[in-house]
Amino acid sequence: MKAAVIQFPGSNCDMDMMHALKDFKVDATLVSHNETDLSDYDAIFLPGGFSFGDYLRSGAIARFSPIMEAVKQADEAGKRIVGICNGFQILTEAGLLPGQLMQNEHPGFICDEVKMEVTNPDTKFSRDYQTSEITLPVAHGEGRYYADQATIDSLEKNHQIVFKYQTNVNGSTDDIAGITNQKGNVLGMMPHPERAIEAILGNTDGRKLFESILDN
Amino acid sequence: MYFGRVYVSYKKSVLDPQGEVIKSGLTHMGFEKIESVKQGKYFEIKFAATDMENAKQELVKMIEALLINANTETYRYDLKELGD
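Taken in sequence, the protein lines are chains R and G. My numbering numbers the first residue of the first sequence as 1 and each following residue consecutively. My numbering numbers the first residue of the second sequence as 1001 and each following residue consecutively.
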């Protein structure tokens, strides 16, 4: 599988994502946000960080980067697109996923590990999980998922909610930690699976997400 | 040249943690009669347009395309023509 990891000004989990993908023998390339073509790649990863300094709203400026047209084309082609943390914020601002990520309910940046439930184990991103309870690192100040009730109802009905927090650390509507689009090819999540792939670092619960993506 | 002032605030249903913290700060300072505080955003935009109607349309387009996220935010604006 050929994967692109998009580098925006202010991305800071890009190298972690590269490290994780290479651990799974994925042919991964860093691609600048100024590029306009992603047709060579099978999967696109938007990493965490603070693209464009989170100016205006997190993800609001990154959506105008030239690469985002190519990301939209990749979506239209049904390719897998994964937005982690700031990547999730960018995907919502770009309209590739519904809702918005807002400031945590309780003031402050959360850097912790949280227990989560794999609420839909039948997605392209979660199908290898054998257990419904996993633990993943989170690191965000603006991770409170918000959408109106009609959107939440539609997410529930279409089984688009992939991960829910067991303890709602940021006040997200319906405990939502990660969702897909309706077609099921785009995933956005606040927790960091790429930081949980090595036993030596204490957590390997992110591995099944990468295995699910690779498992065609 | 036209001058628009745009005031962005959260919809009523949306929690504003910054507003809550500011309210708590003000209360600690002795301003005990505060019912609520909401923090918003304010923009000043100078731009050229053919006439007032065109300026209004352009400003609303700018606001809805970028300045707000319609999921959670609402806005009002005022607009005037600048003299030479």
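Glycine included, C-beta positions come from ideal geometry on N, C-alpha and C.
Taking C-beta to C-beta, are residue i and residue j nearer than 9 angstroms?
{"i": "I213 of chain R", "j": "V71 of chain R", "result": "no"}
{"i": "V1008 of chain G", "j": "G1030 of chain G", "result": "no"}
{"i": "I67 of chain R", "j": "V26 of chain R", "result": "no"}
From the DSSP output, in three-state form, read off residue i for me.
{"i": "N203 of chain R", "result": "strand"}
{"i": "L101 of chain R", "result": "strand"}
{"i": "H1028 of chain G", "result": "helix"}
{"i": "F109 of chain R", "result": "coil"}
{"i": "T135 of chain R", "result": "strand"}
Closest to residue i by C-alpha separation, out of the options, would be which residue?
{"i": "I1045 of chain G", "options": "G:K1011, G:S1009 and G:D1078", "result": "G:D1078"}
{"i": "L187 of chain R", "options": "R:I161, R:E35 and R:F24", "result": "R:I161"}
{"i": "K79 of chain R", "options": "R:N86, R:L96, R:T92 and R:F64", "result": "R:L96"}
{"i": "A164 of chain R", "options": "R:L136, R:E142 and R:D16", "result": "Here residue 164 of chain R turns out to be Lys, not Ala, going by the sequence shown. K164 of chain R has its Cα closest to that of R:L136, out of R:L136, R:E142 and R:D16."}
{"i": "N170 of chain R", "options": "R:G49, R:D112, R:L209 and R:F8", "result": "R:D112"}
State the Cα-Cα distance for the pair residue i and residue j, rounded to the nearest angstrom.
{"i": "F1043 of chain G", "j": "E198 of chain R", "result": "46 angstroms"}
{"i": "S948 of chain G", "j": "G108 of chain R", "result": "The structure shown has nothing for residue 948 of chain G, since chain G only spans 1001 to 1084."}
{"i": "Y129 of chain R", "j": "R195 of chain R", "result": "17 angstroms"}
{"i": "L155 of chain R", "j": "K183 of chain R", "result": "12 angstroms"}
{"i": "A147 of chain R", "j": "M102 of chain R", "result": "10 angstroms"}
{"i": "K1061 of chain G", "j": "T1074 of chain G", "result": "14 angstroms"}
{"i": "D122 of chain R", "j": "R144 of chain R", "result": "24 angstroms"}
{"i": "K22 of chain R", "j": "I1034 of chain G", "result": "55 angstroms"}
{"i": "I1068 of chain G", "j": "K1080 of chain G", "result": "21 angstroms"}
{"i": "M18 of chain R", "j": "A1048 of chain G", "result": "46 angstroms"}
{"i": "I1022 of chain G", "j": "E211 of chain R", "result": "45 angstroms"}
{"i": "D205 of chain R", "j": "D1051 of chain G", "result": "59 angstroms"}
Output, in chain order, the set of chain A residues within a Cβ distance shorter than 8 angstroms of residue i.
{"i": "A60 of chain R", "result": "Going by chain labels, chain A is absent from the structure shown, which instead holds the protein chains R and G."}
Inset, instruction - Give the residues from the stretch 1015–1034 of chain G that approach chain R closer than 7 angstroms (Cβ to any Cβ), ordered along the chain. - result: L1015, P1017, Q1018 and V1021
Legend entry - Residues, ordered as in the chain, of the stretch 172–185 of chain R that lie near chain G by beta-carbon distance below 9 angstroms: none
Legend entry - the stretch 1044–1073 of chain G: positions lying closer than 8 angstroms to chain R by Cβ: L1066, L1067, N1069, N1071 and T1072
Legend entry - Chain-ordered residues of the stretch 101–119 of chain R with a beta carbon less than 8 angstroms from chain G: Correct list: M102, Q103, N104, E105, H106 and P107.
Legend entry - Positions along the stretch 139–152 of chain R whose CB lies within less than 9 angstroms of some CB in chain G: R144, Y146, A147, D148 and T151
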